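Before any comments, here is the structure.
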Amino acid sequence: MRELSLHILDLLENAVEAGASRIEITIEEDLKTDWMVIEITDNGRGMSQELIERVLDPFYTTRKTRHVGLGLPLFLEAARRCGGDLLIQSNLGKGTRVRATFRHSHIDRAPLGDITGALMAILLSEHPVDLDYCHNVGSGVFRFDSSEIRKELENVPLGHPKVRDWLFHVLHEGEANLVDEREGRPLTL
Amino acid sequence: MARLKNIEELKKIRTEAQKDLLIRTQTGTRIIIGMGTCGIAAGAREVMQAILKELDARKIDAHVETVGCVGMCAKEPLVDIEQAGKSRIRYANITPENVPRLIDEHLLKGNVIQDWAIGRLDARKIQ
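Protein chains in written order, with the working numbering: chain A, -9 to 179; chain B, 12 to 138.
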């Protein structure tokens, strides 16, 4: 895929399909050690050891609608191409953690791309799910936890057009500051 | 600083939104976008962004929702439009460039765009 945020969106969809109600997303860009680490942890139904081994096979999928599942194999390939790797830890009934590593400066590393769009696509999912998102670039941090926002909203859904615009604005601003503020003024929400 | 300002804004939005919640659920329009691996690879996220932008530009209140793969991967990006009291229409191979016409013809003028539509589904009961 052209952007790492598309792989992230794909994994987030997997987590939603696995019945997760809360997903933690961590993106760490350490410019000094030259590593980029993407970690996605969900509280979905989890996988058995046997299943973990099979999900990296492109000809395996849990879905009934077709016979190939390319999400994880594509992400693994992207990480390996950039001198990194992909690890899956999972516990049945507890959840799954996927950790992908990349050499930050590797010429084949795709840009992160439109992460705001990827997060919005999940926040607007038909299955309500909370995202706890943390993105570090050097010492700059942008944190966003949708459960805090849901609490504040009471009975108003995240998909309400006015809330939707607000979410978009907040995510966009947070990400934009992160890129500008390499010096690291912490921004939290 | 930004955080406080944003939270204050959110509270304001909540109060406004609570007033029209009931009206919305009875007269609502839903736009549903396929966001499985197939949809993502075909550009569904960009289509969603284009839809959000178009709705915002034209000040249209519509509910936007994303769903997983429905099995028609070759037809992605799929966009369904459902207006209260009408059946749900499924559009195939939608690109961001198609979005302004889709909103204009279907949502505002109420005409199904026959060239792009691939199916008619029963409207889901709105609670």
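Even for Gly, the Cβ is constructed at its ideal location relative to N, Cα and C. Bear in mind the structure is a predicted one, so any value in this text is a computation, not a measurement.
Query, Result
"Decide yes or no for the touch test of the segment 87 to 101 of chain A against the segment 60 to 74 of chain A: beta carbon pairs closer than 8 Å, at least 3 of them.", "yes"
"How would you list, in chain order, the residues of chain B whose beta-carbon sits under 8 Å from the beta-carbon of P63 of chain A?", "In chain order: nothing, as chain B lies at least about 10 Å away."
"Would you be able to state if there are at least three C-beta pairs under 8 Å between the segment 139 to 148 of chain A and the segment 24 to 36 of chain A?", "no"
"Note down the Cα distance separating I13 of chain A from G130 of chain B, rounded to an integer number of angstroms.", "34 Å"
"Under 8 Å Cβ-Cβ, which residues of chain A neighbour L21 of chain B?", "I139, E142, L143, V153 and W156"
"Compare the C-beta of S115 of chain A against all C-beta atoms of chain B and say whether one is closer than 7 Å.", "yes"
"Along the segment 81 to 109 of chain A, what residues have a CB closer than 8 Å to any CB found in chain B?", "D104, G107 and A108"
"Which residues of the segment -4 to 27 of chain A have a Cβ closer than 8 Å to any Cβ of chain B? Give them in chain order.", "L(-4), L(-1), D0, E3, V6 and E7"
"Starting from T3 of chain B, trace the beta strand (DSSP E) in both directions and tell me its first and last residue.", "Residue 3 of chain B is absent from the model: chain B starts at 12 and stops at 138."
"Taking the alpha-carbon positions, what's the H57 of chain A to G79 of chain B distance?", "Here H57 of chain A scores only 46 on pLDDT, less than 50, and its place in the model is too uncertain to base an answer on."
"Closer than 9 Å between beta carbons: that is the criterion. Which residues of the segment 63 to 79 of chain B meet it against chain A?", "L63, L66, D67, I71, D72, A73, H74, V75, E76, T77, V78 and G79"
"Report the three-state DSSP secondary structure of E87 of chain B (helix, strand or coil).", "coil"
"Is the CB of Q60 of chain B under 7 Å away from at least one CB in chain A?", "yes"
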